[in-house]
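Novice:
Protein chains in written order, with UniProt numbering: chain A, 1 to 370; chain B, 1 to 370; chain C, 1 to 370; chain D, 1 to 370.
1. Please go through the segment 36 to 74 of chain B and give each complete alpha helix (DSSP H) segment of 4 or more residues, from N-terminal end onward.
2. Spatial neighbours of residue 83/C within its chain, please: C-beta separation below 8 Å, excluding the five flanking residues on both sides.
3. For a contact meaning CB atoms closer than 9 Å, what does residue 51/D contact in chain A?
4. Which of the residues in the UniProt region "RU C" (257 to 370) of chain B, read from start to end, lie with their CB under 9 Å from any CB of chain C?
5. Using beta-carbon positions only, say whether residue 228/C and residue 353/C come within less than 8 Å of one another.
6. When you compare only the Cα positions, how much space is there between residue 224/B and residue 190/B?
7. Indicate whether at least one CB of chain D lies closer than 8 Å to the CB of residue 46/C.
8. Taking just the CA atoms, how far does residue 335/B sit from residue 273/B?
9. Going by Cα to Cα distance, which pick from 364/A, 288/A, 312/A, 317/A is closest to residue 302/A?
10. Rounded to whole angstroms, what's the CA-CA distance from residue 298/B to residue 137/A? Just pull it up for me.
11. Considering residue 275/D, what are the terminal residues of the beta strand (DSSP E) in which it resides?
12. Can you confirm whether the segment 87 to 97 of chain B touches the segment 113 to 132 of chain B when touching is taken to mean that 3 or more C-beta pairs between the two stretches lie within less than 8 Å?
13. Does any residue of chain D bring its CB to less than 8 Å from the CB of residue 88/C?
14. Secondary structure at residue 314/D, three-state DSSP: helix, strand or coil?
15. Which residue marks the beginning of the beta strand (DSSP E) containing residue 4/B, and which one marks its end?
16. Beta-carbon separation of residue 12/C and residue 344/C under 8 Å?
17. Below 8 Å between beta carbons: does that hold for residue 330/D and residue 357/C?
18. May I ask which residues mark the beginning and end of the alpha helix (DSSP H) holding residue 179/A?
19. Between the beta-carbon of residue 125/B and the beta-carbon of residue 241/B, is there less than 8 Å?
20. Straight-line CA distance for residue 276/A to residue 364/A?
21. Starting from residue 136/B and walking both ways along the beta strand (DSSP E), at which residues does that stretch end?
22. Just to confirm, are residue 133/C and residue 199/C a CB contact at a threshold of 8 Å?
23. Under a CB-based cut-off of 8 Å, is residue 190/C close to chain A?
24. By Cβ distance, which residues of its chain are closer than 6 Å to residue 231/B, with the 5 residues on each side in sequence left out?
25. 8 Å is my cut-off, CB to CB: does residue 67/D come that close to chain B?
26. Which bits of chain B does residue 12/A rub up against, with CB to CB less than 8 Å?
27. Who are the Cβ neighbours of residue 114/A in its own chain at under 6 Å, not counting the five residues just before and after it?
28. Does any residue of chain A bring its CB to less than 8 Å from the CB of residue 93/B?
29. Is there a C-beta anywhere in chain B that falls below 8 Å from the one on residue 63/D?
30. How many angstroms separate the CA atom of residue 327/A from the CA atom of residue 60/D?
31. List the whole-angstrom C-beta distance separating residue 320/A from residue 323/D, where the pair is believed to meet the contact cut-off of C-beta under 8 Å.
32. Mind listing the chain C neighbours of residue 21/A? Cutoff is C-beta to C-beta under 7 Å, in chain order.
33. Which value, in whole angstroms, describes the spacing of the CA atoms of residue 108/B and residue 253/B?
34. Which of the three DSSP states is assigned to residue 195/A in this structure?
35. With 16 as the cutoff for other CB atoms within 10 Å, does residue 33/B come out buried or exposed?
36. DSSP state of residue 369/A, grouped into three classes?
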């Protein structure tokens with residue numbers, strides 16, 4: 001019995017502080033602000049440590065949504081999962097994707113197949129010394145299972161994208177652990193982001209059976225043969241727990257949308273992008289398919305750690321002028337935009353244990369107009 | 001009667017000063033240095049005003065080839081056309097492409113179809129005030145016709161890529177013109193590069209009949225509806241004339257290679273890249289075609305001047321941290337590398353009048369193993 | 001008869017959205033929000049077109065001050081003059097400087113000498129075609145005189161820093177002018193910022209008698225021998241008029257502060273910085289002066305347009321990786337911080353007609369504890 | 001008895017490949033190429049991993065000097081110590097400083113005081129696992145003592161600047177150590193540069209008695225309270241041993257030059273720069289001293305690891321757009337240039353154990369015209 005409906009709307013923005021598109025849709029009744037579960041966005045910053053466009057975008061959204069929800073901006077930030085990915089290099093175009101969910105009383109008749117569903121869960125707060133280690137992996141795995149249940153998904157094969165927000169270490173947090181006699185995985189704030197992202201991705205892999213569950217602390221950021229094909233993780237300073245968003249297809253959903261995915265084995269894996277498009281009935285641009293429309297693509301990009309792509313040297317990791325994550329987003333964004341026919345896609349950097357080294361997951365959501 | 005043979009060899013480099021690959025091939029007899037006509041390369045720099053990797057690469061090549069040719073390094077630079085394009089953003093991989101030409105006495109039997117041919121010519125030295133104006137357009141057009149004749153090509157449809165090196169203005173040159181009572185098109189050295197590239201590209205368009213020949217000074221860098229579909233131009237401080245290299249197919253050539261092209265209408269035009277590959281019998285990666293092998297792809301990239309790609313805003317032109325040319329090469333390089341299956345391709349920035357605004361020419365050379 | 005008091009407080013920030021320092025001072029009664037006249041700040045961005053930290057900082061301040069003033073955030077932005085300068089390169093440290101003003105009924109006895117005073121005024125809205133031209137110069141000059149009167153300053157020699165916010169052109173504004181049959185000074189948004197800054201600075205020069213008043217449209221951005229020694233101008237998209245803030249010394253002020261200035265003739269003019277410090281009784285760090293304390297320094301920096309500093313070539317203008325404005329702020333910031341003993345100083349880029357070419361004004365505010 | 005003479009000539013360059021200034025001086029007899037001992041230079045690159053201007057400059061110098069010395073370019077590189085520091089941020093101006101040395105038969109009469117002397121030595125080749133550890137420290141200390149002897153200096157107080165070129169790790173070198181059963185200090189090439197620079201600087205500190213000699217492997221890059229006040233070290237891929245250049249004053253020298261130094265305790269330590277100038281009889285610009293002329297200043301700069309300068313937060317370490325070494329050189333370069341009156345000074349980045357954390361040595365060479 002189908003009981004929930006999920007909405008996905010991609011809205012272009014004119015700047016990180018621009019909420020006019022979302023507000024217009026709310027004003028027109030196209031989006032009910034009480035149904036908003038999560039907002040994923042691409043903002044104009046550099047995607048690095050000093051990228052303030054992410055927090056600016058979240059602040060602007062919370063301030064704008066607060067009166068709509070009769071909440072304070074701080075309460076809005078607690079209620080809705082905001083995941084902003086900085087960096088719109090090359091042809092990538094700033095935008096947000098709004099995910100909504102509501103209960104349906106009388107499902108439409110004649111709906112066939114599984115449809116897009118979304119589930120959320122979060123872990124308990126972590127201790128600083130747990131980040132990037134087995135505890136974060138195990139707790140994340142449990143949260144992924146809870147989010148799957150929330151989404152009405154039982155088969156791991158129906159999970160196509162798992163977006164996670166996870167904590168990072170600060171010097172205060174490192175010192176707090178030290179005062180209690182514990183060593184953290186790293187003392188570097190920047191380095192801890194990779195540890196937290198990696199352990200979170202491994203938690204997804206464990207939950208979905210993509211790897212065994214006996215992953216040790218030493219495997220994180222070392223055993224790159226262990227990875228999830230659907231994990232996309234992002235570290236932020238504002239929380240100490242993991243927030244898990246599962247996107248998949250479920251027979252319990254009445255939504256108009258379908259999601260599918262593939263795994264790019266490297267940064268130029270056009271075949272994987274094409275395969276992801278095909279998995280939801282879409283062709284490569286400009287070939288339109290009857291009754292199917294692209295909503296958005298979600299992908300991770302990184303410079304391959306071995307310094308080459310299919311045997312040819314790349315220079316991303318040695319560039320002191322441009323961060324390798326910016327290079328990688330620009331290149332992978334160019335490829336995906338070319339095959340999708342649009343630059344308004346979500347390509348995010350930092351893909352530790354998210355797809356194979358140098359590659360990453362690519363998920364596609366299509367709207368079915370049947 | 002077929003009389004010339006053309007060779008094309010792509011050689012990876014380990015740095016802008018690395019000539020070991022070329023020297024090894026000369027040592028092994030695979031390349032006769034006396035037959036080298038031109039070397040096009042991608043180097044690691046930023047492709048901007050302060051990119052010294054281009055002149056470093058040329059200096060290293062001239063120094064290495066000098067004893068081979070019993071010439072001074074300066075004479076080598078006069079004899080061989082060196083065109084270095086800085087910027088290997090994203091998955092682009094540093095390499096050089098060596099073009100050789102020799103006369104053949106007894107052409108092989110059973111060769112069918114037109115084959116890759118190469119021709120060169122140059123204009124007279126320009127006066128500073130002629131750069132970016134009708135004189136440069138007309139002289140370039142004449143040189144393109146001369147290079148076509150040198151290549152044994154009569155039909156403009158057989159021309160698939162015209163690479164041009166052209167001069168730029170310096171403050172000395174601007175002053176020299178001023179002292180004679182003439183105003184130059186611009187007084188900015190950086191700005192003059194665009195003028196010279198644009199006028200040179202329009203010269204190609206005139207020679208090939210892609211536009212009428214009545215192009216006025218005012219049309220340069222303004223009438224972007226006037227463009228060549230095969231021009232690729234690059235400005236350098238070291239010369240005051242245009243060097244023109246025509247690549248096309250000719251019945252007079254016995255080479256193993258074939259060239260074709262298409263025009264990208266924008267930076268995400270995957271269909272054009274696919275079409276260029278198909279024009280020489282190649283498929284999209286990883287689909288290999290029997291008897292055909294990709295040698296290299298030559299393309300121009302630029303951020304569309306109107307600030308959007310297929311209706312979605314891009315941020316390349318407003319980025320104070322990364323030059324728009326770097327963004328554009330990374331994105332277009334990602335797309336072409338994905339479809340070609342390799343990042344060792346020649347994607348160059350600055351595409352004034354070279355393809356439509358925001359797009360650019362894309363040419364492919366294949367080796368035929370029949 | 002002394003009637004007004006002016007306060008100047010420098011508050012460090014932890015990020016562009018950090019208002020905690022200001023809120024704490026308001027909470028503690030150290031600042032009365034109703035007395036705030038202007039806030040000048042240095043934020044972490046790149047200072048270029050895509051620097052969103054400036055608008056983020058203003059948005060955060062307006063949102064935080066709105067309930068304090070029983071106004072909407074938009075009304076706060078109208079009431080208080082916010083001038084955010086992006087770019088804390090090198091040792092520069094992010095901070096805001098809050099200027100307050102209030103009437104005093106009974107001035108303290110025994111106060112000698114002129115003290116810091118602040119005055120504000122604004123011009124009428126400009127037509128797009130007036131920007132960067134004589135109309136903007138003349139109107140600005142009138143507003144400077146009005147702001148001087150507001151500050152209780154009659155002698156131009158008592159004016160030591162004039163901060164101006166001025167408009168820029170957008171494509172809409174250019175088109176509006178064009179539709180009425182008028183051409184704007186430039187059609188480039190980026191280029192219009194320099195025109196507007198330059199004309200505004202010339203307006204200051206006219207008002208203070210630093211130049212004659214017969215400045216023509218052609219002189220803007222060309223006659224760099226015409227400049228103001230105290231102007232600091234900044235262009236923003238959010239207004240169509242000029243906001244003028246005059247800082248000087250006045251016998252009508254009872255403030256604890258004094259302001260002085262000097263003019264850097266080039267980017268390494270240590271003597272000018274020392275002279276500006278001395279003008280308010282301060283020595284070079286670490287030499288403390290009894291009864292005098294540095295509050296802040298306000299300076300403009302730019303790469304000298306002729307490409308050299310005291311005969312030695314600089315590379316700021318040819319750097320495709322780092323904008324010349326970032327280079328200039330880092331270098332001048334390093335010098336001023338060294339002489340002042342602190343990196344929390346206001347060094348801003350883009351100094352057209354603000355000091356001589358390659359140099360700029362440097363003003364110092366000291367607190368007198370006598 | 002004075003027996004050697006040392007020459008120091010600063011020559012501006014127009015680009016990293018420009019050798020015309022040096023060649024002109026050789027042509028005019030002002031420099032005897034056979035007497036050249038070392039060349040230190042500032043080049044236009046970013047000073048990072050992909051800065052090719054350093055090797056380009058060395059290649060150009062070797063190629064130009066080879067016929068002068070009847071050597072191959074490779075032999076020139078062995079004979080002369082080339083130390084190129086990339087990065088001319090802000091007002092820093094590209095140049096080289098040529099050090100020459102020759103024996104004198106009849107010393108001029110009436111020379112008083114110690115004069116500039118230069119000595120060189122090198123260590124044995126290191127094993128990869130020795131880099132950044134006690135072995136490198138001890139061997140460097142021995143080489144410093146040998147170079148002091150070569151310079152005719154016995155008192156450590158007469159040593160004012162020790163420039164060292166040291167090796168770095170590559171993946172090949174790491175693997176070679178691993179194959180022999182040894183672990184290197186780090187597996188990262190970039191990271192090994194800091195280890196090698198740090199251990200080399202500690203070697204100087206040991207040799208000069210600035211620290212005890214019982215420094216353990218664990219102290220490198222951790223005990224920042226251990227440092228040399230005169231060390232300046234630079235890692236390069238082209239060698240496996242340390243080259244040590246000692247600059248000091250000696251009674252055995254008849255040179256026209258004198259050297260002195262001070263230590264900047266942080267990046268804004270103007271007093272230290274002033275003190276270094278005074279130590280050789282020079283004043284702060286523009287105060288000229290009779291009979292004394294500035295030749296060059298040699299300094300190290302770095303972003304203070306604790307994220308602040310004199311209590312105020314800096315943003316250099318969190319900037320994903322500009323490397324902290326570029327920020328630091330720009331700021332310190334601005335300060336030194338301001339006090340020295342010229343941007344043609346040698347300010348180099350990466351100051352591990354070279355001066356206190358966030359600070360660094362600053363040495364000054366003056367010419368005495370008495």
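Cβ atoms here follow ideal geometry from the backbone N, Cα and C, with glycine treated the same way.
Specialist: Once the coordinates are examined:
1. The segment 36 to 74 of chain B contains these whole alpha helix (DSSP H) runs: 53 to 69.
2. Translated into the one-based positions of the third chain, residue 83/C becomes position 83. Once the five neighbours on either side are set aside, the close Cβ partners of residue 83/C are 38, 39, 40, 41, 163, 165, 234, 245.
3. On the fourth chain, position 51 is the one that residue 51/D refers to. Correct list: 320.
4. Answer set for the UniProt region "RU C" (257 to 370) of chain B: 315, 317, 318, 319, 320, 321, 322, 323, 325, 326.
5. Along the third chain, one-based indexing puts residue 228/C at 228. Along the third chain, one-based indexing puts residue 353/C at 353. Result yes, Cβ atoms of residue 228/C and residue 353/C sit closer than 8 Å.
6. Taking the first residue of the second chain as 1, we reach residue 224/B at position 224. Taking the first residue of the second chain as 1, we reach residue 190/B at position 190. For residue 224/B and residue 190/B, the distance between alpha carbons rounds to 19 Å.
7. In the third chain, residue 46/C corresponds to position 46, counting from 1. Judged by the 8 Å Cβ criterion, residue 46/C is in contact with chain D.
8. Residue 273/B sits at position 273 when you count from the first residue of the second chain. Residue 335/B sits at position 335 when you count from the first residue of the second chain. Each residue's alpha carbon lies about 9 Å from the other.
9. For the purposes of this step, residue 302/A is taken as residue 302 along the first chain, with counting starting at 1. Selection 364/A, 288/A, 312/A, 317/A evaluated against residue 302/A yields 317/A as nearest (Cα-Cα).
10. For the purposes of this step, residue 298/B is taken as residue 298 along the second chain, with counting starting at 1. For the purposes of this step, residue 137/A is taken as residue 137 along the first chain, with counting starting at 1. The straight-line gap from Cα to Cα measures roughly 46 Å.
11. Numbered from 1 along the fourth chain, position 275 holds the residue referred to as residue 275/D. In the DSSP assignment, residue 275/D falls outside any beta strand (DSSP E) and lies within the alpha helix (DSSP H) extending over 270 to 279.
12. Short answer: they don't touch.
13. Start at 1 with the first residue of the third chain, and residue 88/C comes out as number 88. For residue 88/C, the answer is yes, since a Cβ of chain D falls inside 8 Å of its Cβ.
14. Sequence index remark: in the fourth chain, residue 314/D carries index 314 (1-based). In the structure shown, residue 314/D sits in coil (DSSP, three-state: anything other than H, G, I, E or B).
15. Sequence index remark: in the second chain, residue 4/B carries index 4 (1-based). Membership of residue 4/B in the beta strand (DSSP E) is indicated by the continuous run 4 to 12.
16. What you label residue 12/C is simply residue 12 of the third chain in a count that begins at 1. What you label residue 344/C is simply residue 344 of the third chain in a count that begins at 1. Yes; because the gap between Cβ atoms is below 8 Å, this pair is in contact.
17. Within the fourth chain, numbered from 1, the residue matching residue 330/D stands at position 330. Within the third chain, numbered from 1, the residue matching residue 357/C stands at position 357. Cβ distance not < 8 Å, so residue 330/D and residue 357/C don't count as in contact.
18. Position 179 of the first chain, counting from 1, holds the residue named residue 179/A. Unbroken alpha helix (DSSP H) run through residue 179/A: 171 to 179.
19. Walking along the second chain from the start, residue 125/B turns up at place 125. Walking along the second chain from the start, residue 241/B turns up at place 241. Taking C-beta atoms as the reference points, residue 125/B and residue 241/B count as a pair closer than 8 Å.
20. As a working note, residue 276/A is residue 276 in the first chain. As a working note, residue 364/A is residue 364 in the first chain. Residue 364/A has its alpha-carbon roughly 6 Å from the corresponding atom of residue 276/A.
21. Residue numbering aside, residue 136/B sits at position 136 when the second chain is read from its first letter. Secondary structure note for residue 136/B: it is in no beta strand (DSSP E), and the uninterrupted alpha helix (DSSP H) holding it is 134 to 151.
22. The residue you call residue 133/C lines up with position 133 of the third chain. The residue you call residue 199/C lines up with position 199 of the third chain. Result yes, Cβ atoms of residue 133/C and residue 199/C sit closer than 8 Å.
23. Counting from one through the third chain, the residue named residue 190/C turns up at place 190. Residue 190/C does not count as touching chain A.
24. The residue given as residue 231/B occupies position 231 in the second chain. When the five nearest sequence neighbours on each side are left out, the beta carbons in the same chain lying within less than 6 Å of the beta carbon of residue 231/B are those of 162, 201, 204, 354, in order along the chain.
25. Here residue 67/D is taken as the residue at index 67 of the fourth chain, counted from 1. Residue 67/D does not count as touching chain B.
26. As a working note, residue 12/A is residue 12 in the first chain. Within 8 Å Cβ-Cβ: 312, 313.
27. For the purposes of this step, residue 114/A is taken as residue 114 along the first chain, with counting starting at 1. Result list for residue 114/A: 249, 250, 251, in chain order.
28. On the second chain, residue 93/B is found 93 positions in, with the first residue counted as 1. Yes, residue 93/B lies at the interface with chain A (some Cβ there is under 8 Å from its Cβ).
29. As a position in the fourth chain, residue 63/D is number 63, starting the count at 1. Interface residue, yes.
30. Your numbering for residue 327/A matches position 327 in the first chain. Your numbering for residue 60/D matches position 60 in the fourth chain. Cα-Cα distance, rounded: 31 Å.
31. As a first step, residue 320/A must be located in the first chain, where it is residue number 320. As a first step, residue 323/D must be located in the fourth chain, where it is residue number 323. Between the beta-carbon of residue 320/A and that of residue 323/D there is about 5 Å, and that keeps the pair under the 8 Å contact cut.
32. The count along the first chain starts at 1 and reaches residue 21/A at position 21. Those do not exist, as residue 21/A stays about 17 Å from chain C at its closest Cβ, beyond 7 Å.
33. Counted from its first residue, the second chain places residue 108/B at position 108. Counted from its first residue, the second chain places residue 253/B at position 253. About 11 Å.
34. Here residue 195/A is taken as the residue at index 195 of the first chain, counted from 1. In the displayed model, residue 195/A falls within a helix according to three-state DSSP.
35. Position 33 of the second chain, counted from the first residue, corresponds to residue 33/B. With a threshold of 16 other beta carbon atoms within 10 Å, residue 33/B meets it and is buried.
36. Position 369 of the first chain, counted from the start, is the residue given in the question as residue 369/A. If DSSP states are grouped into helix, strand and coil, residue 369/A belongs with coil.
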